[in-house]
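Below is one structure, written out as structure tokens; comments come after it.
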Amino acid sequence: MKKLRILISLSLLISLLSCEVNKSDDNTPDPNVIVPAPADYTLAEAFPTLRFEMPVELTSPADETNRIFVVSQKGKIHVFPNQETVANAPVFLDLSTKIVSGGERGLLGLAFHPDFKTNGYFYVNYTRGNPLETVISQFKVSAADPNIADPNSEQVLLTYAQPYDNHNGGKIAFGNDGYLYIASGDGGSGGDPQNNAQNRQKLLGKILRIDVNATSGNLPYAIPADNPYKGNTEGFREEIYAYGLRNPWRFSFDRPTGTLWAGDVGQNNIEEISIIKKGGNYGWKIREGNTCYGAATCDSTGLEEPIWSYPQNTENGRSITGGFVCRDKNLTGLEGKYIYGDYVSGNIWALTFDNNTAVKNELITKVADGISSFGEDSQQGLYVVGHANGKIYKFTKKM
21 MKKLRILISL
31 SLLISLLSCE
41 VNKSDDNTPD
51 PNVIVPAPAD
61 YTLAEAFPTL
71 RFEMPVELTS
81 PADETNRIFV
91 VSQKGKIHVF
101 PNQETVANAP
111 VFLDLSTKIV
121 SGGERGLLGL
131 AFHPDFKTNG
141 YFYVNYTRGN
151 PLETVISQFK
161 VSAADPNIAD
171 PNSEQVLLTY
181 AQPYDNHNGG
191 KIAFGNDGYL
201 YIASGDGGSG
211 GDPQNNAQNR
221 QKLLGKILRI
231 DVNATSGNLP
241 YAIPADNPYK
251 GNTEGFREEI
261 YAYGLRNPWR
271 FSFDRPTGTL
281 WAGDVGQNNI
291 EEISIIKKGG
301 NYGWKIREGN
311 TCYGAATCDS
321 TGLEEPIWSY
331 PQNTENGRSI
341 TGGFVCRDKN
351 LTGLEGKYIY
361 GDYVSGNIWA
371 LTFDNNTAVK
381 NELITKVADG
391 ISSFGEDSQQ
401 GLYVVGHANG
411 KIYKFTKKM
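Residue numbering for the sequence shown follows the numbering used here, starting at 21 and increasing by one per position.
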């Protein structure tokens, strides 16, 4: 979860705005300029009678049941039918006694196995313990009731230590290749003091990829054969798919293309969107976005450029929430655009792109609830999750 950084002092803010070494010298358009878009859609509460406690995720399995699952940071997963008039959201799984929550810790991610309809497996990402660690676990649905998980079915797949309370990552999702992808933050504090993101012997500051359908030696999962560091002799972690990320809190796959889009939360100056490529180095903490971090110059050789970035300020916000490429055919004004937001400002933008190059950025609306996540249902309907007041919003076609 991204930390709400609104208590920045005025003097620090002035220094950030005047700091020459972190100014971008490109010609990127101002992301806060509202560009008129076809107004064939509206954003409204999807389930007006429901409220959730600190929701951080909305997702649906591809099992033809048309159910919605909402994850509460404090440890509960709720399930309910995808109906506007639904009155109750029963608890599917309660992990509140297992997890450590608060700040950026808690139950942070949920993903359903591609064959969930037949095998009933799903996966969670949460923090636990003292010392703190991230846990990636597999659970199974109860044999007696598809709306209840079996709490005793947990199989812990992967754990890794978290040196600080923040930058825990959170998102997990299956790619079109059937592998599980995991967002891992740089371990926290500020400025990545242990240089975890660039250290390929550590899992922090990375996108990880594992095969949950197989095992390897003592591991309860396997390493995909084409992972970039599979079989390396340098001691690099074979789970690594990409590295050099600060806190990729939310990522998603554009299903028609398989492209992995990630929003990476910045330090003091830049929020960025990147298309994640196998083996890519996304620069942190050499760079923050497309500018050098902590130095007037830096060696950018071999670093991947963000497809889009915006400066932190009062208008834009200070903490990006990665979204989805909209594939709802009812939303012709948004279809094919990458929809994302900012947790602090509540801005929601639509990024038009061509051949993975940004063309236009539209500020389309605002939500004053702390945008913790975007979500999709099984029909590719697009949702916004409000962390502060527990509301769920949906983009719908204007009638």
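Think of the CB as a built atom: it goes at the ideal place given N, C-alpha and C, for glycine as much as any other residue.
Computed from a predicted structure; not experimentally measured.
For residue i, three-class secondary structure by DSSP
i: F136; result: helix
i: W269; result: coil
i: A315; result: coil
i: S105; result: It is Thr, not Ser, that sits at residue 105 in the sequence shown. The answer is coil: DSSP assigns T105 none of H, G, I, E or B.
i: L113; result: strand
i: G205; result: coil
i: F100; result: strand
i: R220; result: coil
i: S121; result: coil
i: D475; result: Absent from the structure is residue 475, since the part of the chain shown begins at 21 and ends at 419.
i: S236; result: strand
i: Y249; result: coil
i: A262; result: strand
i: I26; result: The predicted position of I26 is uncertain, since its pLDDT is 39 and thus under 50; no value can be drawn from it.
Cα-Cα separation between residue i and residue j, rounded to whole angstroms
i: K411; j: S162; result: 28 Å
i: Q221; j: I168; result: 38 Å
i: Q182; j: N247; result: 24 Å
i: H187; j: L127; result: 14 Å
i: I384; j: A370; result: 7 Å
i: N86; j: G207; result: 36 Å
i: N310; j: I227; result: 19 Å
i: S173; j: E104; result: 32 Å
i: D46; j: W328; result: For D46, the predicted model reports a pLDDT of 47, less than 50, meaning its position is unreliable and no value from the coordinates is stated.
i: C39; j: V285; result: Because C39 carries a pLDDT of 37, less than 50, the predicted location of this residue cannot be relied on, and the following value inherits that uncertainty. C-alpha separation (whole angstroms): 19 Å.
i: P166; j: E84; result: 12 Å
i: Y261; j: G283; result: 16 Å
i: A234; j: I243; result: 9 Å
i: A315; j: T179; result: 34 Å
i: V55; j: R148; result: The predicted position of V55 is uncertain, since its pLDDT is 49 and thus under 50; no value can be drawn from it.
i: K43; j: G95; result: Per-residue confidence for K43 stands at a pLDDT of 36, beneath the threshold of 50, marking its modelled position as unreliable; no derived number is given.
i: T138; j: Q158; result: 15 Å
i: S121; j: Q93; result: 7 Å
i: Q218; j: G225; result: 8 Å
i: V364; j: E73; result: 18 Å
i: V41; j: H98; result: Residue confidence for V41 is low, a pLDDT of 35 falling below 50, so the modelled location carries little weight; the figure read from the coordinates is stated next. Rounded to whole angstroms, V41 to H98 spans 46 Å at the Cα level.
i: K414; j: G251; result: 44 Å
i: R275; j: Y61; result: 22 Å
i: Y201; j: W281; result: 12 Å
i: L63; j: N288; result: 30 Å
Opposing strand residues paired with residue i [DSSP bridges]
i: L354; result: Partner(s): none; L354 has no beta bridge.
i: G129; result: N145
i: T372; result: K380
i: P75; result: S92
i: F415; result: L63
i: F194; result: L200
i: Y403; result: G395, K414
i: A242; result: D231
i: D362; result: I340
i: N367; result: K386
i: R87; result: P101
Short CB-CB distance (under 8 Å) between residue i and chain B
i: A109; result: In the structure shown, chain B does not exist; there is a single protein chain.
Three CB pairs or more closer than 8 Å across the region 344-353 and the region 315-334: Because the criterion of three Cβ pairs below 8 Å is not met, the region 344-353 and the region 315-334 do not touch.
Inter-stretch contact at 8 Å, needing at least 3 Cβ pairs: the region 248-258 / the region 268-275: In this structure the region 248-258 does not lie against the region 268-275, because fewer than three pairs of beta carbons, one per stretch, are closer than 8 Å.
Inside the region 279-353 only - alpha helix (DSSP H) runs reaching at least 4 residues: For the region 279-353, not a single whole alpha helix (DSSP H) run of length 4 or above is found.
3-residue-minimum beta strand (DSSP E) runs that sit fully inside the region 141-192, ordered along the chain: Listed in chain order, they are 141-148, 153-161, 169-181.
Three CB pairs or more closer than 8 Å across the region 391-409 and the region 63-83: Result yes; three or more Cβ-Cβ pairs closer than 8 Å.
Cβ pair count under 8 Å reaching 3, the region 58-72 against the region 91-110: Proximity of the region 58-72 to the region 91-110 meets the contact definition, three or more beta-carbon pairs being nearer than 8 Å.
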